[in-house]
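Colleague: Here the protein sequences line up with chains A and D, keeping their order. Position one of the first sequence corresponds to residue 1 (full-length UniProt numbering), numbered consecutively onward. Position one of the second sequence corresponds to residue 1 (full-length UniProt numbering), numbered consecutively onward.
Protein chains: 2
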Amino acid sequence: MLNKHEIIYRDLTQKIVHGIYQKGDLIPSENELCELYGGSRETIRKAVKDLNENGFVQTIRGKGSIVLDLERFVFPVSGLTSYKELDASLHMHSATRVIGISDTLVPAAKFEFATELDLAATYIERVRVVHDEPIVVDRDYLLKDVVTAVPLAAAQNSLYEYVEHDLGLEVSYARKIITVEQPDTEVQDLLELTGNEPVVIVRSEVHLNDTTLFQFTESLHRIDKFKFTDFARRHVQ
Amino acid sequence: MLNKHEIIYRDLTQKIVHGIYQKGDLIPSENELCELYGGSRETIRKAVKDLNENGFVQTIRGKGSIVLDLERFVFPVSGLTSYKELDASLHMHSATRVIGISDTLVPAAKFEFATELDLAATYIERVRVVHDEPIVVDRDYLLKDVVTAVPLAAAQNSLYEYVEHDLGLEVSYARKIITVEQPDTEVQDLLELTGNEPVVIVRSEVHLNDTTLFQFTESLHRIDKFKFTDFARRHVQ
DNA sequence: TAGTGGTCTAGACCACGTC
DNA sequence: ACGTGGTCTAGACCACTAC
């Protein structure tokens, strides 16, 4: 069940995406939106705030909310979105090849935020293939404390769908570190790297809603296929 | 003048940073905060929402807001923060070397979001030096339509301070694209690159509060010094 | 001056966690 | 049952923009 402000948000984004409100237009004023959707102003304002934060509109005091030029859907760096979801929203027609699932300990050396040692985990290694080219190697460590086992089908389809839908866990937030490094030989093979190119590595530490540490992830991207985008707002400290 | 919810937000962040509320603790409940700060619940909730979004706490329904482990201050990828501000908040002790200021047209080929051609701009090229090592080359194009001239002192100190404080403009949002590419020879020289290493390039298109396009930026980072962090929350589409 | 967004309030009802 | 956060309301006052 969606909240009222989410329903309003979605309706407005749809109207922007479908050109009912066009780039440069003002969307209806907050008071008009109150009448249109039958909501109070604070509720409408939550929806409009989300439009702002996601780069759909720019709100200007005394004037209104202007629709921005949105050409937004390339690979996002920030955010916490599963590969499966990206694939769906970007229509990438990508395939996933599962290299292996096994039991290991989390390699604490790789994850500087890993404070505890000898964390038992299920290790999943996958390659993302787009147009027959390997683009990304994903290495996931799901902590045994939280997820006891991972079926192959979940790794092939979507880990997050399994974790959230089947297990009923709520993935909530992550800390990420992005670097550029020389890959090990296994990754060189998997990504079919010929020269000595480095790869972009996004390492993250993912937590559940109740702050439980649940997953470490390493995504290794071929640099020639790496193109991330971001929409940022200025918040002065 | 700060808003009430901003004052409350700052006070709470200070208490977390200084350990008055420690990692794993619950901060006072929203009702208690209402009494503590003499505000209504929606006002307190705005402050707490900001704490969540910036990774200070995790709010759990029926339970409270738990202080997270914060080791947050490395170079952020997302966000829109000037180098000068990063320098100050990270205590990087960096220096800026201004290579040149001149008049040019914006090289539209580099910025795929640059729709119009032949935009007149002031071009500023700078190198950021930390511990005597060149780390980043910043290339800024400030549109002549908005900023007629840039004094050398502004380039040496902080462009954003000049633009926001002296000119009274409000920098508001940006679209960014992050890639890894081979640099041109000038950048190789400036960054003292010996081999054939690529660089990380963050290109952005920056707008003012009133949606005016105002600046194009290209930041070229040495990959061995590149380490970005991010705090991300999951928002399911 | 009228309309816009920005902030804040006091109160209501609900869903969830704890005990 | 009680306290927690999550949502929504109706109304107020202010600051800014446009005319």
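All C-beta atoms, glycine included, are put in the ideal place defined by N, C-alpha and C.
(1) Pairs of beta-carbons, one from the region 59 to 69 of chain D and one from the region 17 to 33 of chain D, closer than 8 Å: are there three or more?
(2) Compute the beta-carbon to beta-carbon distance between residue 124 of chain D and residue 103 of chain D, rounded to the nearest angstrom, for a pair I have assumed lies under 8 Å.
(3) For residue 153 of chain A, count the other beta carbons within 10 Å of its own beta carbon; 16 or more makes it buried, fewer makes it exposed. Which is it?
(4) List, in order along the chain, the chain A residues whose C-beta lies closer than 8 Å to that of residue 103 of chain D?
(5) Considering only residues of the region 163 to 196 of chain A, which uninterrupted alpha helix (DSSP H) runs meet the minimum length of 4 residues and lie entirely inside it, listed in chain order?
(6) Span of the alpha helix (DSSP H) holding residue 234 of chain D?
(7) Can you list the residues of chain A that residue 172 of chain D reaches, using a CB-CB cut of under 8 Å?
(8) Could you name the residues of chain D that residue 180 of chain A contacts, counting a contact when the two beta carbons are closer than 7 Å?
(9) When you compare the CB of residue 44 of chain D with every CB in chain A, is at least one pair closer than 7 Å?
(10) Below 8 Å, how does it come out for the region 193 to 210 of chain A and the region 174 to 183 of chain A: are there three or more Cβ pairs, yes or no?
(11) Mind checking who residue 219 of chain A pairs with in its DSSP beta bridge?
(12) Can you find a C-beta in chain A that's less than 7 Å from the C-beta of residue 175 of chain D?
(13) Would you kindly work out how many angstroms separate the C-alpha atoms of residue 122 of chain D and residue 203 of chain D, rounded to a whole number?
(14) Take residue 197 of chain A and list the residues in its own chain whose beta-carbon comes closer than 8 Å to its own, dropping the five residues that flank it on each side.
(15) Measuring straight from C-alpha to C-alpha, what distance separates residue 161 of chain A and residue 127 of chain A?
(16) Any Cβ of chain A within less than 7 Å of the Cβ of residue 66 of chain D?
(17) Would you please state the rounded distance, in angstroms, between the beta carbons of residue 163 of chain D and residue 181 of chain D? I believe it to be under 8 Å.
(18) My output table needs one value for residue 15 of chain A: the three-state DSSP class, helix, strand or coil.
(19) As a quick exercise: from A/178, A/188 and A/190, pick the residue whose alpha carbon is nearest that of residue 227 of chain D.
(20) Can you round the beta-carbon distance between residue 215 of chain A and residue 143 of chain A to whole angstroms, since I take them to be within the 8 Å contact cut?
(21) Could you check where the alpha helix (DSSP H) with residue 37 of chain D kicks off and where it finishes?
(22) Given a threshold of 16 other Cβ atoms within 10 Å of its Cβ, counted over all protein chains shown, does residue 183 of chain A qualify as buried or as exposed?
(23) Going straight from the alpha carbon of residue 45 of chain D to that of residue 187 of chain A, what length do you get?
(24) Would you mind telling me which residues of chain A sit closer than 7 Å to residue 209 of chain D, beta carbon to beta carbon, in chain order?
(25) By Cβ distance below 7 Å, which residues in the same chain neighbour residue 155 of chain A in space, the five residues on each side in sequence not counted?
(26) Residue range of the alpha helix (DSSP H) that residue 105 of chain D falls in?
(27) Starting from the C-beta of residue 16 of chain D, find all residues in its chain whose C-beta is less than 6 Å away, skip the five residues before and the five after it, and write them out in chain order.
(28) For residue 217 of chain A, which residues in chain D fall below 9 Å Cβ to Cβ?
(29) Inspect the beta-carbon positions of residue 150 of chain A and residue 94 of chain A and report whether they are closer than 7 Å.
(30) On a CA-only basis, which of A/28, A/50, A/32 and A/20 is nearest residue 7 of chain A? Give me that one, please.
(31) Thinking just about the alpha-carbon of each residue, which of D/193, D/54, D/47 and D/220 is nearest to the one in residue 229 of chain D?
(32) Could you give the residue range of the alpha helix (DSSP H) that holds residue 58 of chain A?
(33) Since residue 229 of chain D meets chain A, which of its residues come closer than 8 Å, beta carbon to beta carbon?
(34) By Cβ distance below 8 Å, which residues in the same chain neighbour residue 58 of chain D in space, the five residues on each side in sequence not counted?
Modeller: The answer reads as follows:
(1) Output reads yes: the region 17 to 33 of chain D touches the region 59 to 69 of chain D.
(2) About 11 Å separates the CB atoms of residue 124 of chain D and residue 103 of chain D; that is not less than 8 Å, and the two are not in contact.
(3) Of the other Cβ atoms in all chains shown, fewer than 16 fall within 10 Å of the Cβ of residue 153 of chain A; this residue is therefore exposed.
(4) Chain A residues near residue 103 of chain D: none, gap ~26 Å exceeds 8 Å.
(5) Within the region 163 to 196 of chain A, the complete alpha helix (DSSP H) segments at least 4 residues long are 185 to 190, listed from N- to C-terminus.
(6) For residue 234 of chain D, there is no enclosing alpha helix (DSSP H), as DSSP marks it with neither H nor E.
(7) The contacting residues are 58, 233 and 234.
(8) What residue 180 of chain A touches in chain D: 180, 200, 223 and 226.
(9) For residue 44 of chain D, the nearest beta carbon of chain A is not closer than 7 Å to its own beta carbon.
(10) With contact defined as three or more Cβ pairs closer than 8 Å, the region 193 to 210 of chain A and the region 174 to 183 of chain A are in contact.
(11) Paired residue(s): A/138 and A/202.
(12) Residue 175 of chain D counts as touching chain A.
(13) Distance between the alpha carbons of residue 122 of chain D and residue 203 of chain D is about 17 Å.
(14) Taken in chain order, the residues that qualify are 222, 223 and 224.
(15) Note on geometry: alpha-carbon atoms of residue 161 of chain A and residue 127 of chain A lie some 18 Å from one another.
(16) At least one chain A Cβ lies under 7 Å of residue 66 of chain D.
(17) Contact between residue 163 of chain D and residue 181 of chain D does not hold, since the beta-carbon distance rounds to 28 Å and is not under 8 Å.
(18) Here residue 15 of chain A sits in helix by DSSP.
(19) The option with the nearest alpha carbon to residue 227 of chain D is A/178.
(20) Yes, residue 215 of chain A and residue 143 of chain A are in contact; Cβ-Cβ is about 7 Å, under 8 Å.
(21) Per DSSP, residue 37 of chain D belongs to the alpha helix (DSSP H) from 30 to 37.
(22) Flag for residue 183 of chain A reads buried.
(23) Near 46 Å, if we compare the C-alpha coordinates of residue 187 of chain A and residue 45 of chain D.
(24) By Cβ distance, chain A contributes 60.
(25) Excluding sequence neighbours, residue 155 of chain A sits near 98, 101, 124 and 126.
(26) No alpha helix (DSSP H) holds residue 105 of chain D; the beta strand (DSSP E) holding it covers 94 to 105.
(27) Contacts found: 56 and 67.
(28) Within chain D, no residue comes near residue 217 of chain A; the closest Cβ sits about 12 Å away, beyond 9 Å.
(29) For the 7 Å CB-CB criterion, residue 150 of chain A and residue 94 of chain A do not form a contact.
(30) Among A/28, A/50, A/32 and A/20, the Cα nearest to that of residue 7 of chain A belongs to A/50.
(31) The residue with the shortest Cα to Cα distance from residue 229 of chain D is D/54.
(32) Where residue 58 of chain A is concerned, there is no enclosing alpha helix (DSSP H), although the beta strand (DSSP E) it sits in stretches over 57 to 60.
(33) Here the neighbours are 175, 176, 177 and 178.
(34) Answer for residue 58 of chain D: 52, 65, 66 and 68, listed in chain order.
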